Amino acid sequence: MKKFLACLLCLFFCFGVMGVGTSQAEEVVEVPIIMYHSILKSKKGMYSVHPSLLREDIHYLKSHGYQSVFIKDLVAYCEGKDDLPEKPVVLSFDDGHYNNYYYAYPILKEENFKANLNVVGCYCNFSTTSGDSDNPNYSYLTWSEIKELHDSNIFEIGNHTYKMHSFKPRYGIAQKAGESDEDYTEALKADVLKLEYKLMVDCGFRTEVFAYPFGRYSTLSEKVLRELGFKAFLTCNEGINKLEKGDTKALSHLKRVNRSGNLTTYQFFQKLKSF
Ligand SMILES: [Zn+2]
332 MKKFLACLLC
342 LFFCFGVMGV
352 GTSQAEEVVE
362 VPIIMYHSIL
372 KSKKGMYSVH
382 PSLLREDIHY
392 LKSHGYQSVF
402 IKDLVAYCEG
412 KDDLPEKPVV
422 LSFDDGHYNN
432 YYYAYPILKE
442 ENFKANLNVV
452 GCYCNFSTTS
462 GDSDNPNYSY
472 LTWSEIKELH
482 DSNIFEIGNH
492 TYKMHSFKPR
502 YGIAQKAGES
512 DEDYTEALKA
522 DVLKLEYKLM
532 VDCGFRTEVF
542 AYPFGRYSTL
552 SEKVLRELGF
562 KAFLTCNEGI
572 NKLEKGDTKA
582 LSHLKRVNRS
592 GNLTTYQFFQ
602 KLKSF
């Protein structure tokens, strides 16, 4: 009798564990977010990737079964509203370089891949108003190019601040020493809304994606940005995201892995695997 009970317990335990394992496998999805900046033929570095490498990365991802998604798709999944493909990946471009339009856009179109693109308002405004807007080496996107990229449904646009993408007088959106919470809240809101306003008026949309300049953030900054309607926050913390359906927690600090132009496609994906 004792033996029989022990067997029953054992069976119960095994099936119990298997049951939990299966439901977790269904609900938790691993999502790498690859962070690019410039796409350039003339320069390679930590923040500058050759167009042929971008294409190779996409070929690698496709051949390994990955499908590109937007950050807003991650939001829908975490809110329990939609599913994700089995192997989702996000390509994320920061700062709003014109070379993203010049080099990355045609490649993504040809490869049928989509990407997230986080723009800095004052850079784009300078490009638009100065007319100095078509040099891949240093220009930034104009408002009409941003609208075109958004309307193409190949790029999803995120907010990377209007004018806080700088080390002075504050480090990104960081609170300054001695600055009151009230003054900080007001300054952050004014800056971020300035870009949202430009996106609405000049491009016809607003965004729920925010990319922290230089990866700086705080509990207060997230609270303020959530009040403004943002739902997903991109950091520079490196790692792979584990997203659970119906749980929005992970959206507060989405990890990204910087794609240095100094690595080959193989070397970069070996690095990605190590996380
Ligand atoms: Zn940036």
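With the sequence shown counted from 1, adding 331 to any position gets you our numbering. Idealized CB from N, CA, C, for every residue including glycine. Predicted model only: the values in this text are computed from it and were never measured.
Taking a contact to mean a Cβ-Cβ separation below 7 Å, would you say residue i touches residue j in this structure?
i    : j    : result
I485 : K445 : yes
F606 : G570 : yes
N430 : I370 : yes
I438 : R590 : no
G592 : K372 : no
V406 : K562 : yes
So, with DSSP's three-state summary, where would you put residue i?
i    : result
I389 : helix
M366 : strand
Q355 : Legend: pLDDT at Q355 = 47, less than 50; position of this residue unreliable, value from coordinates given subsequently. Helix, per DSSP.
E479 : helix
I504 : coil
L559 : coil
I488 : strand
L405 : helix
D426 : strand
L472 : coil
Between residue i and the rest of its own chain, which residues show a CB-CB distance below 6 Å, the 5 nearest in sequence each way excluded?
i    : result
V360 : L415, L574
L556 : F541
S379 : S369, L371, G592
Y397 : K418, V420
T460 : none
With distance defined between alpha-carbon atoms, name the residue in the options nearest to residue i.
i    : options                : result
T550 : F564, D533, G462, N430 : F564
K440 : G411, L480, P467       : L480
Y367 : T460, R501, N449, S394 : N449
V421 : N468, P467, N447, D413 : N447
Please list, in chain order, all residues of the same chain as residue i whose beta carbon is under 7 Å from its beta carbon, the five residues on each side excluded.
i    : result
V451 : D426, G427, H491, T492, H496
E410 : T579
C455 : G427, Y471, L472, T473, W474, I477
T596 : L384, E387, D388, Y391
C534 : W474, I477, K478, H481
L519 : I504, S552, V555
C453 : Y493, K494
F600 : Y391
Excluding the 5 residues preceding and the 5 following residue i in the sequence, name in chain order all residues of the same chain whose CB lies nearer than 8 Å to its CB.
i    : result
T566 : Y543, G546, Y548, H584, L585, K586, R587
Y436 : L480, S483, I485, F486
L559 : K520, V523, L524, E527
Pick out every residue whose C-beta is nearer than 6 Å to a heavy atom of ligand 1: which are they, in chain order?
This criterion selects D425, D426, H491, H496, P544.
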